[in-house]
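As you go down the protein sequences, you meet chains A and B in turn.
Residue numbers 1 to 241, in the numbering used here, belong to the letters of the first sequence in order.
Residue numbers 242 to 753, in the numbering used here, belong to the letters of the second sequence in order.
Worksheet: one structure, shown below.
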Amino acid sequence: MVAHPDSLNTLKLSDHTPSVQELRSSLHRMQREFRPGPQAGPRSPSKDIVSTGIAALDRILPARGLMKGTLSEWIATEPGSGAVSLAMRVASRVQRGGTLILVDQPRQFYAPAIQSLGVCLAETILVRPATQGDELWVLEQSLRCPGVSVVLCQLDRLTTQQFRRLQLAAGSGTAIGMLIRPAVAQRQSSWADVRLQVSPRPSSPRSFRRCLNVRCVYAKGSLADQTVDLEFCDETGRAHE
Amino acid sequence: MSDRVSDTSTPALKHESDECSARMLCVWLPNFPIQRLRCRHFSEACVLYANSGSRTLIVAASNEARLHGIRSGMSLAEAQALHDSAVFLPHDADADATELKLLAELCYRYSPLIGLELSDDAHCLLLDISGCAHLFGGESGLARRLVVDLAERGYFAHVAVARTIGAAWAIARYGHCTGSDRRLKSLPVQALRIPNKLVSQLREFDLQTIGQLDALPKNSLPSRFGKILNERLGQIFGHRPELLVLLPRLEPASAEWTTDEAICHPKAIQHVCTELLAELLETLKTRSEGLLGLTLRLGNGTSVPAVLKIGLARPTDSLKHILNVVQLKLDTTTIPEWIHSIHFEASDVSPLQVQQRSLFSSQEPIANAGSVGKLADRLIARLGNDGVVHPRVLPEAVPEQASSVSLLSEPFTEMARSVGLQISSARPVFLRRPETIQVTAIAKDGTPLHFGWSGRCYQIACCTTVERIATAWWQESGSVQRDYYQAETQSGARFWLFRDRTGEWFLHGVFE
């Protein structure tokens, strides 16, 4: 079979073909226009999107918040990074009106700290599985339960198949799954809709306010790699950019 | 069918009773034997008879039969002559008593103390509602809800609340008013719960009302009418005590299956469990109760049976849900390989909760409220009671003592929610066991400069001022004196360190 010479001409890249940089910028523009959220785009805000309560953090998320029925990964780059505290603050905001399930295999969650981050303890259930098998079972069951708002768990090891099962479980319910992962998880594949990397930043010696750098390293169906610096006031619990 | 509620909580009566006085509620079910049959969808004219010595007498008659002139105490032949197309049935007094006890079970949601009237007319329930009424919006609210509950089961009832059993009974049977002494005195003498023979004697003396009797000299009454008259008069006005004879609770509902041919296949066990649980729930349904705790005994015919205890977060009558929980429990517990008998017992029951409907939102919250309870049941069945808890804060200064947990079955009270100490400084989300670390400090009691932990050396860039936590020497757990620091490394990571009174350093938490 011989191709027609005219058709070959059409495959040639002409001088008017846009460069990769131009394509990327136009893609960015289109995404910004069609991003679901209260401020941008023609789409109306969906009731399935819940704000994190931190405006700066919402801005780097593709849906301007966390989507119900999805998983989000919070990667702590090092011990003491503040990833769990940040996730807990967000969980307290997302929890309102529903139940928060804290899966705590090492039995180390500290109730006064959780309460000070705004979590309603009366609506919180602490689940303490003995094995990793039980832990994953608890996560699946909790994510599928329609009355649960948030499921938060620290998971060090997770195979792709296990992750996929959790994603399917989350998709069949309305809970937001928040998985706290160690730094090594960055090199592993993920089934989460959003992957956030939380790194500590040195605070000002005068204020001693907690400073964090949050980077959206992956967002499903959207270009990621957006970063925000946050500063938290211990007294008020408010976040500043 | 309308019910009358004699609400005696009028201002006049409230004024009489102080906070400590008892409040008694009487439920009278008029023509109860006929009502019981009507509940079984029996709608024709009905007459009940019973043998009395050599005669057969009418015990109760429905309103349709009464229209034809049939009355209680009439002979059966006479009643048949008056209305032969009516249904004539033998009276089953035992069935009446059983049904009355079932209704008493229903009333336990209103009061823990329930008794039966022991006089001739036994179709009454007596409830001691002292201290219970405020839970239902007052005595009037309680009485109305009770009447509605009974009406839902097809029973017409008269309910009255008063200071004494006698007054409550009298008003429920004969009163249309409040329970003040003046009103009680206007009631007929039958309201004193005295035998019919004595009522006839009093009428011979033209003593028609309680007031007329009360006006007579009390010491002259026993010689003429016996001791009971003075006793009843004293009881109705509260001058004499009267004990409420409590009704024993029904035996816990149970279902059992035994066989000579032992079973071992999980499908067979599951099938038997399904049958038994369905039977158990059917029994509870007649009591309007839901299952809150279940004991399962699996016997292998030789040794002691394996006992599994299952607790549920909220009362339920859902067979599917209970089966699910039982199956999870069986999966995670070692049970005998060969099973000869399976025995279920409802170890804990509670009235089924009515779910509140939201005014504006959709049906979603109603479904959600139950779904979390069911989730908790499944989690408890697999992880045990200790594995599924509520976090709690305690008013303790020592950090590891300030955090606790409570079982889901325990009510999470307002007190438990707000008893934590007001602490301005931050606490780590994860609290570890104090772990000894090597710290270099400026001085012996100075701030730390760097420390080693988990095979790494951390340089401290800045830290908070010292927070001293000390407890008194007389405390049972021993005296504690610690100087805490929130230390921030050069990268911004934060740790919670403390130095004890010996100068040794510990890592107590990581601000993850």
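Ideal Cβ positions, reconstructed from N, Cα and C, are used throughout, including at glycine.
- Would you mind stating whether Ala728 (chain B) and Trp737 (chain B) have Cβ atoms separated by less than 9 Å? Taking 9 Å as the Cβ cut-off, Ala728 (chain B) and Trp737 (chain B) qualify as a contacting pair.
- Can you name, in chain order, every residue of its own chain whose Cβ lies under 6 Å from the Cβ of Met656 (chain B), other than the five neighbours on each side? Annotation note: pLDDT 45 at Met656 (chain B) (below 50); position unreliable, no value reported.
- Message: Measuring only the C-alpha atoms, how far is Ile451 (chain B) from His399 (chain B)?
- Response: Spanning the two alpha carbons is a distance of roughly 21 Å.
- Message: If we define contact as Cβ-Cβ less than 9 Å, is Val148 (chain A) a contact residue for chain B?
- Response: The beta carbon of Val148 (chain A) falls within 9 Å of a beta carbon belonging to chain B, placing the residue at that interface.
- Query: Straight-line CA distance for Ala816 (chain B) to Leu343 (chain B)?
  - Reply: Residue 816 (chain B) is absent from the structure shown; chain B starts at 242 and stops at 753.
- Message: Is there a C-beta anywhere in chain A that falls below 9 Å from the one on Gln511 (chain B)?
- Response: Closer than 9 Å: no.
- Task: Check whether the stretch 81-100 of chain A touches the stretch 136-151 of chain A, counting contact only when three or more Cβ pairs, one atom from each stretch, lie closer than 8 Å.
- Result: Touching, yes.
- Every unbroken beta strand (DSSP E) within the stretch 697-725 of chain B, with a cutoff of 3 residues, ordered by chain: Counting only runs of 3 or more, we get 697-704, 708-711.
- Give a yes or no on contact between the stretch 666-682 of chain B and the stretch 741-749 of chain B, applying the rule of three or more CB pairs nearer than 8 Å. Judged by Cβ distances under 8 Å, the stretch 666-682 of chain B makes contact with the stretch 741-749 of chain B, as three or more pairs qualify.
- Own chain, CB closer than 8 Å to Ile477 (chain B), minus 5 neighbours either side, in chain order: So the list reads Thr405, Gly407, Ala408, Ala411, Leu425, Ala432, Leu433, Ile451, once near-sequence residues are dropped.
- Taking the alpha-carbon positions, what's the Glu380 (chain B) to Asp104 (chain A) distance? The straight-line gap from Cα to Cα measures roughly 47 Å.
- Query: Beta-carbon of Glu753 (chain B) versus every beta-carbon of chain A: anything under 9 Å?
  - Reply: At a cut-off of 9 Å between beta carbons, Glu753 (chain B) contacts chain A.
- Kindly indicate if chain B contains any beta-carbon less than 9 Å away from that of Met164 (chain A). The sequence shown places Arg at residue 164 (chain A), rather than the Met named in the question. Not a single C-beta of chain B is nearer than 9 Å to the C-beta of Arg164 (chain A).
- Task: Tell me, please, whether the stretch 285-294 of chain B touches the stretch 317-331 of chain B by the rule of three or more beta-carbon pairs shorter than 8 Å.
- Result: At 8 Å Cβ cutoff, the stretches touch.
- Arg201 (chain A): contacting residues in chain B (beta-carbon distance under 7 Å): Contact annotation for Arg201 (chain A) against chain B: Gly733 [CB-CB distance below 7 Å, chain order].
- Residue of B:Ala338, B:Cys267, B:Pro577 minimising C-alpha distance to Cys505 (chain B): If we check each option's Cα against that of Cys505 (chain B), B:Pro577 comes out closest.
- When Cβ atoms are compared, which residues of the stretch 693-707 of chain B fall closer than 8 Å to chain A? Using a CB distance below 8 Å, the part of the stretch 693-707 of chain B facing chain A consists of Ser695, Ala702, Cys703, Thr705, ordered along the chain.
- Query: Interface residues of chain A around Ala643 (chain B) at Cβ under 9 Å?
  - Reply: Neighbours of Ala643 (chain B) on chain A, chain order: Tyr110, Ala111, Pro112.
- Message: Less than 9 Å between CB atoms is the rule here; does Glu729 (chain B) satisfy it with respect to chain A?
- Response: Chain A, which has a Cβ nearer than 9 Å to the Cβ of Glu729 (chain B), makes this yes.
- Query: Quick one, which residues of the stretch 82-97 of chain A are near chain B if we go by CB-CB under 7 Å, in chain order?
  - Reply: Residues Gly82, Ala83, Val84, Ser85, Met88.
- Interface residues of chain B facing Val138 (chain A) [CB-CB closer than 7 Å]: For a Cβ distance threshold of 7 Å, residue set Leu620 of chain B lies close to Val138 (chain A), ordered along the chain.
- What's the C-alpha gap between His256 (chain B) and Leu470 (chain B)? Low confidence applies here, because His256 (chain B) scores a pLDDT of 32, under 50, leaving its location unreliable; read the following figure in that light. Taking the straight line from one Cα to the other gives about 28 Å.
- Under 7 Å between beta-carbons, which chain A residues line up against Phe736 (chain B)? List them in chain order, please. Here the neighbours are Gly80.
- Task: Establish whether the CB of Thr236 (chain A) and some CB of chain B are separated by less than 9 Å.
- Result: For Thr236 (chain A), the answer is no, since every Cβ of chain B falls outside 9 Å of its Cβ.
- Are Thr70 (chain A) and Gln167 (chain A) close, meaning C-beta to C-beta below 9 Å? Gln167 (chain A) sits close to Thr70 (chain A), with the two beta carbons spaced by under 9 Å.
- Who are the Cβ neighbours of Pro202 (chain A) in its own chain at under 8 Å, not counting the five residues just before and after it? Cys211.
- Return yes when the Cβ of Arg668 (chain B) is within less than 9 Å of the Cβ of Pro640 (chain B), no when it is not. Yes, Cβ-Cβ distance for Pro640 (chain B) and Arg668 (chain B) is below 9 Å.
- Query: Contact check, Leu485 (chain B) vs Asp369 (chain B) under 8 Å by CB: the rounded distance?
  - Reply: The pair is a contact, with the Cβ atoms about 6 Å apart (cut-off 8 Å).
- Message: In the DSSP assignment, the beta strand (DSSP E) including Leu738 (chain B) goes from what residue to what residue?
- Response: Annotation: the continuous beta strand (DSSP E) that includes Leu738 (chain B) extends over 735-741.
- Message: By the three-class DSSP mapping on this structure, what secondary structure does Asp501 (chain B) have?
- Response: In this structure, Asp501 (chain B) counts as strand in the three-state DSSP scheme.
- Message: If you measure between the beta carbons of Thr500 (chain B) and His584 (chain B), is that distance less than 9 Å?
- Response: Result no, Cβ atoms of Thr500 (chain B) and His584 (chain B) do not sit closer than 9 Å.
- Local Cβ density within 10 Å of Leu376 (chain B), reported as buried at 16 or more and exposed below that: That one is exposed.
- Tell me whether Arg277 (chain B) is buried or exposed, calling it buried when 16 or more other Cβ atoms sit within 10 Å of its Cβ. Counting of Cβ neighbours within 10 angstroms places Arg277 (chain B) among the buried residues, the total reaching 16 or more.
- Spatially closest choice to Gln197 (chain A) from A:Ser204, A:Glu241, A:Gly82, by CA coordinates: Across the set A:Ser204, A:Glu241, A:Gly82, the C-alpha of A:Gly82 shows the shortest separation from the C-alpha of Gln197 (chain A).
- Proximal chain B residues relative to Cys216 (chain A), where beta-carbon distance stays under 9 Å: At a C-beta separation below 9 Å, Cys216 (chain A) has no neighbours in chain B, since its nearest C-beta there lies roughly 19 Å away.
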